[in-house]
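Comments concern the structure below.
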Ligand SMILES: Nc1ncnc2c1ncn2[C@@H]1O[C@H](COP(=O)(O)OP(=O)(O)OP(=O)(O)O)[C@@H](O)[C@H]1O
Ligand SMILES: [Mg+2]
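In my numbering, the protein residues as written are 6 to 485.
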């Protein structure tokens, strides 16, 4: 067994079987072997809690540091504190295992103040937080690992920033950006990997809590009992579900998307949300039975009221017929008046008048109601429990021609992505509240406001709801 003193590192390399070094002390899960063996430039370890994600991430990074002399690497957790409590100890633990197996510590020195590990081969590993991704822009890397990446504040953006730092030429083909995370829905980095699944450059490894041989079955069972079945699928089994905090859980692209071409024989409702950092509008076509189809949308970032007037007017005029109802946000008086002056001779132009109309929760309930209408009274399913429970058809559909980009990390969202991702607000400690997010910079809010206001302000107009006021009105009054 060589020791540091007698191994001439300058002109000789030491052959170490990496797997063998870790095997005797750790029954490596099969997935970890795949992780160590993969040379794909982008890798994601996605799995349940305690399934060994951080373990694999730190081990892979150690392997990359040792096998790429003179190249800098980085291990990043969300915050400096995450680094101090999980990444650094786990990494040092691996170094210790290495020392016991091989006979020497794999690194020369750990620079505590700098949070940098200096290796014998001239490479360095930096521990950095990624909560402010732009701070990582100065650094040049050959490989990097990001822990719990989909629980950071801007996962896809952070990933792209770090990917842009991977320019160390000395690393050659060994370039590797890898991340570990419990899934948080089909967005962020997990969403990116799903989109890129046909590319050989992207590879994902999946583990569940049951893959960790070090947890007893009673521990796992106790943990399982503390989760709802759905939460367990995400947290324990690492399945990609809808994010836990999403509001429109009724919305599914399989059920609500329709192929749609504009029909000039149908009336349509216009919804507008004024703004300068973001402004939005929707065109909703209404079928005779009261089904709404979101046929077109307009989402504009960084504009002015005047510029948006021009864009909006051109967009409205591009439709073969004029709307029967135009609903806009009441907050911006000048624009509300402009819209009325321009279209009031052709259709009803209005905005939310009372506090009740304006209520976010009430409007959202109406949309949820339309996305997944309840069974009619006297429906055979309710009378005869053996009748097949055919669900009532949705009253709110979305045209499949509307754009969707699940990994968009900046700017206002379109209808599809907004319905998929609009969430409840988080409290000061990151806990979920029951209040829908109302932050002006919430990317999903603008377009959803247009649909919500259009729905609420039309509720009494029977010709827009299949011949009678929206059923929501009745339910709402019954509840009141
Ligand atoms: N393949 C393995 N061999 C040996 N020990 C492992 C292995 N995988 C995980 N462990 C051990 O299991 C525990 C949990 O692993 P780890 O912290 O990597 O899981 P995780 O998925 O990152 O969990 P969390 O969701 O808590 O972040 C750790 O104590 C780790 O040392
Ligand atoms: Mg972890």
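C-beta: ideal position from N, C-alpha, C; glycine also.
Check, Outcome
"Who's in the neighbourhood of ligand 2, going by beta-carbon under 7 Å from any heavy atom, listed in chain order?", "58, 59, 91, 152, 153 and 185"
"Reducing DSSP to helix, strand and coil, say where residue 501 ends up.", "This structure cannot speak to residue 501, because the chain is shown only from 6 to 485."
"Kindly provide the ranges of any beta strand (DSSP E) runs that are 3 or more residues long and lie completely inside the stretch 269-328, ordered along the chain.", "273-278, 283-291 and 297-306"
"Please report the Cβ distance between residue 440 and residue 429, rounded to the nearest whole angstrom; I am assuming they are in contact, meaning their Cβ atoms lie under 8 Å.", "6 Å"
"Helix or strand or just coil, what does DSSP make of residue 7?", "For residue 7, the predicted model reports a pLDDT of 45, less than 50, meaning its position is unreliable and no value from the coordinates is stated."
"Count the other CB atoms within 10 Å of the CB of residue 424; is the residue buried (16 or more) or exposed (fewer)?", "buried"
"Comparing the CB of residue 55 with every heavy atom of ligand 1, is any distance shorter than 7 Å?", "yes"
"Beta-carbon of residue 107 versus every beta-carbon of chain B: anything under 8 Å?", "No chain B is present in this structure, which holds just one protein chain."
"Let me check one thing: in DSSP terms, what residues is residue 81 bridge-paired to?", "133 and 151"
"Taking buried to mean at least 16 other C-beta atoms within 10 Å of its own C-beta, is residue 290 buried or exposed?", "buried"
"Classify residue 474 as helix, strand or coil using the three-state DSSP reduction.", "coil"
"Rounding to the nearest angstrom, what Cα-Cα distance links residue 468 and residue 274 in this structure?", "12 Å"
"Indicate whether residue 36 and residue 216 have their beta-carbon atoms separated by less than 8 Å.", "yes"
"Tell me whether residue 126 counts as near ligand 1, meaning its Cβ is closer than 7 Å to at least one heavy atom of that ligand.", "no"
"State the beta-bridge partners of residue 211 as determined by DSSP.", "51"
"Which same chain residues end up closer than 8 Å to residue 466 when comparing Cβ atoms and leaving out the 5 residues on each side of it in sequence?", "330 and 474"
"Could you check whether the Cβ of residue 217 sits closer than 7 Å to any heavy atom belonging to ligand 1?", "yes"
"Kindly identify the DSSP beta-bridge partner or partners of residue 429.", "441"
"On the DSSP bridge assignment, give the partners of residue 187 in chain order.", "BP columns for residue 187 are empty, so no partner."
"Under 8 Å between the Cβ atoms of residue 146 and residue 100?", "no"
"Alpha carbons only, please: which of 129, 54, 350 and 414 is nearest the one belonging to residue 449?", "414"
"For residue 335, which residues of its own chain have a beta-carbon under 8 Å away from its beta-carbon, when the five flanking residues on both sides are left out?", "341, 356, 357, 358 and 363"
"What are the boundary residues of the alpha helix (DSSP H) that residue 199 is part of?", "193-200"
"Given that a residue counts as buried once 16 or more other Cβ atoms are within 10 Å of its Cβ, and exposed if not, what is residue 230?", "exposed"
"Pick helix, strand or coil for residue 3, following the three-state DSSP scheme.", "With the chain covering 6 to 485 only, the question about residue 3 has no answer from this structure."
"Going by CA-CA distance only, name the one from 255, 153 and 190 that's closest to residue 412.", "190"
"Helix, strand or coil for residue 176, going by three-state DSSP, please let me know.", "helix"
"Please go through the same chain and pick out, in chain order, the residues whose beta-carbon is closer than 8 Å to the beta-carbon of residue 267, but skip the five residues on each side of it.", "290, 300, 301, 324 and 325"
"When DSSP builds the beta bridges, which residues end up paired with residue 331?", "275 and 354"
"Kindly list the residues whose CB is nearer than 8 Å to the CB of residue 263, restricted to its own chain and excluding five residues on each side of it in sequence; keep chain order.", "298, 402, 403, 404 and 405"
"Determine the contact status of residue 261 and residue 397, defining contact as a CB-CB distance below 8 Å.", "no"
"In angstroms with no decimal places, state the Cα-to-Cα distance between residue 156 and residue 136.", "10 Å"
"Any idea what DSSP makes of residue 488, helix, strand or coil?", "Within the shown structure, residues of the chain are numbered from 6 to 485, placing residue 488 beyond reach of any answer."
"Less than 7 Å between C-beta atoms, sequence neighbours within five positions excluded: which residues of the same chain meet that for residue 252?", "369, 427, 428, 429 and 441"
"Bridge partners of residue 401, per DSSP?", "297"
"Which partner residues does residue 537 have in the DSSP bridge list?", "The structure shown does not extend to residue 537, since the chain is modelled only from 6 to 485, so the question has no answer here."
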